[in-house]
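Written out below as structure tokens is the structure these notes cover.
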Amino acid sequence: MTLANYRPLGRSGLIVSPLALGTMTFGVARWGMDRPEAEAVVDAYVEAGGNLIDTADVYAGGRGEEMLGEIVAERGIRDQLVLATKSGFATGVGPHAGGNGAKHIHAALDGSLRRLQTDYIDLYWIHVWDSLTPPEELLETMAGLVRAGKIRYWGMSNTPAWYVARVVTLSALRGQPAPIALQVFYSLVSRELEAEHVPLATDVGLGVTPWSPLAYGLLTGKYDRASVEAAPSRAGGLPNEAASGGGRPEGDNRLDG
19 MTLANYRPLG
29 RSGLIVSPLA
39 LGTMTFGVAR
49 WGMDRPEAEA
59 VVDAYVEAGG
69 NLIDTADVYA
79 GGRGEEMLGE
89 IVAERGIRDQ
99 LVLATKSGFA
109 TGVGPHAGGN
119 GAKHIHAALD
129 GSLRRLQTDY
139 IDLYWIHVWD
149 SLTPPEELLE
159 TMAGLVRAGK
169 IRYWGMSNTP
179 AWYVARVVTL
189 SALRGQPAPI
199 ALQVFYSLVS
209 RELEAEHVPL
219 ATDVGLGVTP
229 WSPLAYGLLT
239 GKYDRASVEA
249 APSRAGGLPN
259 EAASGGGRPE
269 GDNRLDG
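Per the numbering used here, the very first residue in the sequence shown carries number 19; after that it's consecutive.
Right under this line is the structure:
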């Protein structure tokens, strides 16, 4: 399999590479990528035939989208890419700073379009379920964005299977654009999604795009087991903190999970 082994995403006409390029680390201080590193990653991915690049409005406080937009614009490769971004997490203060309501989605999308230096998004994700917005409102909002040409397709991330099922069912009844894919936390060590989300996606034709398929790096072997096991039980912090010598101070009694 290569990045040029393109396939449809769900039951849509959106043709994508089998592996997306995630950009959560673009522009993030300390553990992320600076501009030259991000350029090298994008160039390598595109040269290998990759076409699906995923970002979000909250990555590096918006700098992730800005950096990606600059790189894509300078190379003149916008038309050959499938750009995906997201909204839902709060990016400011106030009741409409986040969520799935129409007011926030419209404002968030306009900000993403500006930062990405484009007039449309190929795949717009609802980043997280807000447990509040009615599915009818969400469908009407997304349908309006499709009609306006601001987005081509949309999908749902970090959302309960029952809510996704309601959205898909209502979209068919109302004749409105349905989501084409789910973005879910799914890996060899986190397979809970196989109980409901994967069967749902198979039944209604949703694509499934796992995020963190390497379980935050756990499956790469990047964590030093010996260092973790040698750390004090409670003061050692989480495994990645212990492995890096950044354990919690004595007296911090949070459970290690």
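Yeah, the Cβ is synthetic: ideal placement off N, Cα and C, and Gly gets one too.
Helix, strand or coil at residue i according to DSSP, with G and I counted as helix
i: Gly-254; result: With a pLDDT of 45 at Gly-254, under the threshold of 50, the modelled position of that residue is not reliable, and the figure given next carries that caveat. Coil at Gly-254, not helix or strand.
i: Pro-153; result: helix
i: Lys-121; result: helix
i: Ala-38; result: coil
i: Asp-242; result: coil
i: Leu-163; result: helix
Same chain, Cβ closer than 6 Å to residue i, neighbours up to 5 away in sequence not counted
i: Ala-38; result: Leu-70 and Asp-72
i: Val-222; result: Val-186
i: Ala-196; result: Val-186 and Ser-189
i: Gln-194; result: Leu-157 and Ala-161
i: Arg-22; result: For clarity, residue 22 is Ala in the given sequence; the question names Arg instead. Excluding sequence neighbours, Ala-22 sits near Gly-67.
i: Ile-224; result: In the sequence as displayed, the identity of residue 224 is Leu instead of Ile. Same-chain partners within the cutoff: Gly-28, Ala-199 and Leu-200.
i: Leu-163; result: Ile-169
i: Gly-119; result: Thr-151
Continuous beta strand (DSSP E) stretch holding residue i: start and end
i: Thr-220; result: Here Thr-220 belongs to no beta strand (DSSP E); instead the alpha helix (DSSP H) covers 215 to 222.
i: Trp-143; result: 139 to 144
i: Ala-179; result: Where Ala-179 is concerned, there is no enclosing beta strand (DSSP E), although the alpha helix (DSSP H) it sits in stretches over 179 to 192.
i: Ala-199; result: 199 to 203
i: Gly-225; result: 225 to 229
i: Tyr-24; result: Unbroken run through Tyr-24: none, as it is neither H nor E.
i: Ala-102; result: 100 to 105
i: Arg-170; result: 169 to 175
Residue i - partner residues in DSSP beta bridges
i: Met-51; result: Phe-44
i: Leu-131; result: In DSSP, Leu-131 forms no bridge with anything.
i: Leu-70; result: Val-100
Where residue i falls, given that 16 or more other Cβ within 10 Å makes a residue buried
i: Ile-33; result: exposed
i: Gln-98; result: exposed
i: Thr-238; result: exposed
i: Lys-121; result: exposed
i: Thr-159; result: buried
i: Gly-87; result: buried
i: Arg-53; result: exposed
i: Ser-149; result: exposed
i: Arg-227; result: The question names Arg, but residue 227 is Thr in the sequence shown. Counting Cβ neighbours within 10 Å, Thr-227 comes out buried, since at least 16 surround it.
i: Leu-191; result: exposed
i: Ala-6; result: Any answer about residue 6 is impossible in this case: the structure gives the chain only from 19 up to 275.
i: Glu-212; result: exposed
i: Gly-94; result: exposed
i: Met-51; result: buried
i: Glu-83; result: buried
i: Gly-45; result: buried
i: Gly-112; result: exposed
i: Arg-133; result: buried
Bounding residues of the alpha helix (DSSP H) (the contiguous stretch that carries residue i)
i: Tyr-234; result: It is not in any alpha helix (DSSP H) - Tyr-234 carries neither H nor E in the DSSP assignment.
i: Ala-91; result: 81 to 93
Proximal residues to residue i (C-beta, below 7 Å), its chain only, five neighbours per side dropped
i: Val-76; result: Phe-107 and Thr-109
i: Arg-96; result: Val-90 and Thr-136
i: Ser-230; result: Phe-203 and Ser-205
i: Ser-30; result: Tyr-171 and Ile-198
i: Gly-276; result: An answer regarding residue 276 cannot be provided, because it is not within the stretch 19 to 275 covered by the chain.
8 Å CB neighbourhood of residue i in its chain, flanking five on each side removed
i: Leu-1; result: Shown here, the chain extends from 19 to 275; a query on residue 1 therefore has no answer.
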